[in-house]
Amino acid sequence: MTEAATFEMRKLRPTDLGRLSTVGLRTRKLRAGLSALGIAIGVAAIVAVLGLSSSASAGLLNEISSLGTNLLVVQSGQTLFGTTAELPVVAPAMIARIGAVTRVEQIGSITGNVYRSPLIPTIDTNAITIDAASLGLLPTVGTSVAEGSYLNAATAQEPVAVLGAAAAQRLGIDQVYLGERIWLDNEWFYVAGILKPAILAPAVDSSVLVGFAAAEHYLGFDGHPSTIYVRAKTSQVNTVYGLLAATANPQNPSEVDVSLPSTALVAQADAQGAFDGLFVGLGAVALLVGAIGVANIMIISVLERRSEIGLRRALGATRGHILGQFLAESILIALFGGTIGVGAGTLSTAVYTAAKHEVIVIPTLAWAGGMGAAIIIGAVAGLWPAMRAARMSPTEALWTV
Amino acid sequence: MTSDAGAVPTQRLDDNLKRFAGSADQPVLEVDEVAKVYSGEPPVSALRGVSFSIARGELVGIVGPSGSGKTTLLHLMGTLDRPSSGHVRVTGLEVGRLSDRELSALRATHIGFVFQQFFLSEHQSVLDNVADGLLYAGVPQVKRRARAIDALTMVGLEGRPHARPNQLSGGQRQRVAVARALVGDPAIVLADEPTGNLDQATGQSILGLFKDLHELGVTIVVITHDRDIAARMDRRIEMLDGQMVFDSADNLATVTAAASRAPTSGNDHRS
Ligand SMILES: Nc1ncnc2c1ncn2[C@@H]1O[C@H](COP(=O)(O)OP(=O)(O)OP(=O)(O)O)[C@@H](O)[C@H]1O
Ligand SMILES: [Mg+2]
Numbered sequence: 057m058t059e060a061a062t063f064e065m066r067k068l069r070p071t072d073l074g075r076l077s078t079v080g081l082r083t084r085k086l087r088a089g090l091s092a093l094g095i096a097i098g099v100a101a102i103v104a105v106l107g108l109s110s111s112a113s114a115g116l117l118n119e120i121s122s123l124g125t126n127l128l129v130v131q132s133g134q135t136l137f138g139t140t141a142e143l144p145v146v147a148p149a150m151i152a153r154i155g156a157v158t159r160v161e162q163i164g165s166i167t168g169n170v171y172r173s174p175l176i177p178t179i180d181t182n183a184i185t186i187d188a189a190s191l192g193l194l195p196t197v198g199t200s201v202a203e204g205s206y207l208n209a210a211t212a213q214e215p216v217a218v219l220g221a222a223a224a225q226r227l228g229i230d231q232v233y234l235g236e237r238i239w240l241d242n243e244w245f246y247v248a249g250i251l252k253p254a255i256l257a258p259a260v261d262s263s264v265l266v267g268f269a270a271a272e273h274y275l276g277f278d279g280h281p282s283t284i285y286v287r288a289k290t291s292q293v294n295t296v297y298g299l300l301a302a303t304a305n306p307q308n309p310s311e312v313d314v315s316l317p318s319t320a321l322v323a324q325a326d327a328q329g330a331f332d333g334l335f336v337g338l339g340a341v342a343l344l345v346g347a348i349g350v351a352n353i354m355i356i357s358v359l360e361r362r363s364e365i366g367l368r369r370a371l372g373a374t375r376g377h378i379l380g381q382f383l384a385e386s387i388l389i390a391l392f393g394g395t396i397g398v399g400a401g402t403l404s405t406a407v408y409t410a411a412k413h414e415v416i417v418i419p420t421l422a423w424a425g426g427m428g429a430a431i432i433i434g435a436v437a438g439l440w441p442a443m444r445a446a447r448m449s450p451t452e453a454l455w456t457v
Numbered sequence: 023m024t025s026d027a028g029a030v031p032t033q034r035l036d037d038n039l040k041r042f043a044g045s046a047d048q049p050v051l052e053v054d055e056v057a058k059v060y061s062g063e064p065p066v067s068a069l070r071g072v073s074f075s076i077a078r079g080e081l082v083g084i085v086g087p088s089g090s091g092k093t094t095l096l097h098l099m100g101t102l103d104r105p106s107s108g109h110v111r112v113t114g115l116e117v118g119r120l121s122d123r124e125l126s127a128l129r130a131t132h133i134g135f136v137f138q139q140f141f142l143s144e145h146q147s148v149l150d151n152v153a154d155g156l157l158y159a160g161v162p163q164v165k166r167r168a169r170a171i172d173a174l175t176m177v178g179l180e181g182r183p184h185a186r187p188n189q190l191s192g193g194q195r196q197r198v199a200v201a202r203a204l205v206g207d208p209a210i211v212l213a214d215e216p217t218g219n220l221d222q223a224t225g226q227s228i229l230g231l232f233k234d235l236h237e238l239g240v241t242i243v244v245i246t247h248d249r250d251i252a253a254r255m256d257r258r259i260e261m262l263d264g265q266m267v268f269d270s271a272d273n274l275a276t277v278t279a280a281a282s283r284a285p286t287s288g289n290d291h292r293s
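Here you go:
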């Protein structure tokens, strides 16, 4: 004869369990709120860190795709003997003959220093390079003029320079005044314009650009390109990629480096999307403290509500009912904290990205993970207090001092 | 199904109540040579061999001085605790053979409790406090509330279902607690010092309520310190030092025997 089967286990309905789980919150609002705070802070920190890094990388990826993924860069590499190789002067013309190539532009590196005036000692090189640049360079590398104008057929012959965005910043020039000059290797050059950042071509960014003719005339430039920028039909980028080295330098194709900057930048964007370990760690610590807070509040709650437990047992609650009630209450407190945390984390990400004019991206991992972590924390923190409540005998619970 | 006392039930509790309703001479509660020792240093013998049975519809008062074991007895009768030896049977079900879970279900469906401290929750309306008497009996909320209205009518509080307990007087609160005990239509209502927190007049009115319920056929056991209240009960059981020394339902011979067993000195702090 099976005794257990003779009595129907009376389960609490979900709505009843839900109502019971709010008893502690409704009767002790401030205390429940404070204990949820730790979890809110932890979840907020994690959501904000994940949100900020994802938003930043999403922004960069957007920018890269708007600049196009079909830019190929041909550079002079190293010779077998370790010296810097030279690209043939005819290389751009040869590359332009490849069918799928739509644009070819070049820069040629010039040794020399750049100053705002001849009075600055020569040691200060400022990490600014000088390059001769072809006239169609800007659209090919995906940038444009921020101030003033770029080189044209006339100014390319004259001592006139255009500053890359980073170069301008390093020189401390943020506007183009009439007659503004810089000191290029013993020559004054007039500044005609300043460029916007060239994300796909960092070499252009940190460079002072002059015309090919002017470079040869004033700066002793030998006319060899150092970097060739190639745009190909997007569908045939890989084919062109394979042809470039041999086309640029048929004699020594191994001395040519060919790269696709967008792929490198995508990897870099993904790395930027990798969240900041320190802040996630701090968030985890806040969550731990929050968990201890919830456990603490639940232990106190069980002690204070002894007679409620006794009454419920007298009304027919099983140990399981009592366990369920306190566990649900603990999870609810943690979930409350988690919700506030996701809200606060999202809000701070929104404020930050709005200030930087970026798109806001909150990865699913961040908010779902935050809520999931809160539920788990609530369950773990509440388990022991709930078990204590359930283990209490009815008479012990009803015992009045 | 025969209803021989102590048989392990083969039917569900609801069926047990139906069976019980059909067998008129089945006692509601049987306490058979029950003893309770609380372990500790030193162990306390709170009850030493108490036997009586309560028939359907009885109104029983249990009196006795402080520490005589009244609350212990009520907890055993209410299946909140198990005896160290002896048997307790509720509507024929042997408490000792039921698991903790089964006892919980038994309390949810067969037994109503009233306590000295009322134990009402302040964040709920009177109606929901009463409805909670059915929370663990598997009754949906709408039905619980409907039956709570009926129970409130029985205790004369049908006019204030939406009041909070703290808006009520002590006597009204205890009426709410009585309604909560009645809402499941239990086989027996057990009240531990229900008038202990009330003044004399209010206590008398709660007693009046129990008398009215008794008229309606509810089986009620009331523990009290108050000898006047006990004197107005149909049946009176007196406890002293863990033993039953008087039961007005017994004949004189039994009473004399019980009294001679009880120690005569040091326990007479009844007033
Ligand atoms: N849980 C317990 N653990 C140890 N001893 C207990 C426990 N409960 C009761 N006792 C002891 O058992 C004896 C009977 O206690 P009980 O509470 O049943 O008396 P009572 O008649 O209800 O008294 P009162 O009128 O003061 O409520 C007392 O000596 C008490 O100290
Ligand atoms: Mg007592």
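Line by line, the protein sequences give chains A and B.
So in our numbering, the last spot in the first sequence is 457, and the numbers never skip.
So in our numbering, the last spot in the second sequence is 293, and the numbers never skip.
Glycine is no exception: its CB is placed at the ideal position from the N, C-alpha and C atoms.
key: Buried versus exposed, by CB contacts within 10 Å (16 or more), Q222 of chain B   = The residue in question, Q222 of chain B, is exposed, as its Cβ has fewer than 16 Cβ neighbours within 10 Å.
query = In chain order, which continuous runs of the alpha helix (DSSP H) of length 4 or greater are located wholly inside the stretch 171–255 of chain A?
reply = 193–197, 221–227
ask   = What is the DSSP secondary structure of T451 of chain A, counted as helix, strand or coil?
value = helix
ask   = At a Cβ threshold of 8 Å, is P162 of chain B touching chain A?
value = yes
key: By C-beta, the residues closer than 5 Å to any heavy atom of ligand 1, given in chain order   = B:Y60, B:V66, B:A68, B:S88, B:G89, B:S90, B:G91, B:K92, B:T93, B:T94
query = Can you tell which of A:L227, A:V266, A:P215, A:P317 has the C-alpha that lies nearest to the C-alpha of L256 of chain A?
reply = A:P317
query = Which residues, in chain order, does the stretch 181–197 of chain B contribute to contact with chain A at a C-beta distance below 7 Å?
reply = none
ask   = Using 8 Å as the limit for Cβ to Cβ distance, is S126 of chain B near chain A?
value = yes
query = Which bits of chain B does A373 of chain A rub up against, with CB to CB less than 9 Å?
reply = The contacting residues are S126, R129, A130, L157, Y158.
task = Could you please give the first and the last residue of the uninterrupted alpha helix (DSSP H) stretch that includes T246 of chain B?
result = That residue, T246 of chain B, is in no alpha helix (DSSP H); its beta strand (DSSP E) goes 242–246.
ask   = Would you call L90 of chain A buried or exposed, if buried means 16 or more other Cβ atoms sit within 10 Å of its Cβ?
value = With fewer than 16 other beta carbons inside 10 angstroms of its own, L90 of chain A counts as exposed.
ask   = What in chain A is Cβ-close to H145 of chain B, meaning under 8 Å?
value = V79, R82, T83
query = Is the stretch 99–117 of chain A touching the stretch 278–291 of chain A in the sense that three or more CB pairs, one from each, lie closer than 8 Å?
reply = no
message = Let me confirm a value: T466 of chain A is counted as buried when at least 16 other C-beta atoms fall within 10 Å, else exposed. Which label applies?
response = Absent from the model: residue 466 of chain A. The displayed extent of chain A is 57 to 457, so no value can be given.
ask   = Using 8 Å as the limit for Cβ to Cβ distance, is L149 of chain B near chain A?
value = no
query = Interface residues of chain B around S363 of chain A at Cβ under 9 Å?
reply = F137, Q139, F141
ask   = Does V50 of chain B come within less than 8 Å of chain A when only Cβ atoms are used?
value = With its beta carbon at least 8 Å from every one in chain A, V50 of chain B lies outside the interface.
query = With respect to 7 Å, is the separation between the Cβ of D214 of chain B and the closest non-hydrogen atom of ligand 2 below this value?
reply = yes
task = Would you mind sorting S191 of chain B into buried or exposed? The rule is 16 or more other CB atoms within 10 Å of its CB.
result = exposed
query = Under 7 Å Cβ-Cβ, which residues of chain A neighbour H97 of chain B?
reply = When 7 Å is used as the limit between beta carbons, H97 of chain B is near these residues of chain A: T451, in chain order.
inquiry  = Quick test of your reading: V286 of chain A and V130 of chain A, contact by CB under 8 Å. State the CB separation rounded to the nearest angstrom.
reply    = Confirmed, about 6 Å.
ask   = What are the partner residues of E257 of chain B, as DSSP defines its beta bridges?
value = The residue asked about is misnamed: residue 257 of chain B is Arg in this sequence, not Glu. In DSSP, R257 of chain B forms a bridge with B:V82.
task = Could you list which residues in chain A have their beta carbon closer than 7 Å to that of D172 of chain B, in chain order?
result = Per Cβ cutoff of 7 Å: no residues; D172 of chain B is ~18 Å from chain A at best.
inquiry  = Counting C-beta neighbours from all protein chains within 10 Å, is the total for R292 of chain B 16 or more, i.e. buried, or is it exposed?
reply    = Here the model assigns R292 of chain B a pLDDT of 42, short of 50, so the residue's position is not dependable, and the following value carries that caveat. So R292 of chain B ends up on the exposed side.
task = Can you say whether P174 of chain A is buried or exposed, counting buried as having 16 or more other CB atoms within 10 angstroms of its CB?
result = exposed
Completely contained alpha helix (DSSP H) runs for the stretch 250–316 of chain A, where each covers 4 or more residues = 258–261, 268–274, 293–304
inquiry  = Need the endpoints of the alpha helix (DSSP H) that I387 of chain A sits in, please.
reply    = 375–411
message = For L421 of chain A and S121 of chain A, what's the separation of their Cα atoms in angstroms?
response = 24 Å
Helix, strand or coil at G218 of chain B [DSSP, three-state] = coil
task = Say whether chain B places a C-beta atom closer than 8 Å to the C-beta of A446 of chain A.
result = No, because no Cβ of chain B sits closer than 8 Å to the Cβ of A446 of chain A.
Close beta carbons around R444 of chain A, own chain, < 6 Å, minus the five adjacent residues each side = Short of 6 Å from the beta carbon of R444 of chain A, and not among the five residues preceding or following it, lie these beta carbons of its own chain, in chain order: V358.
key: Limits of the beta strand (DSSP E) - the one that D54 of chain B falls within   = 51–60
query = Are the stretch 413–431 of chain A and the stretch 48–61 of chain B touching, with three or more C-beta to C-beta distances below 8 Å?
reply = no
inquiry  = Can you tell me which residues form a DSSP beta bridge with E161 of chain A?
reply    = A:Y285
task = Have a look at the DSSP bridge pairing and note the partners of I166 of chain A.
result = A:I186
query = Does DSSP put Q265 of chain B in a helix, in a strand, or in coil?
reply = The DSSP-derived three-state label of Q265 of chain B is strand.
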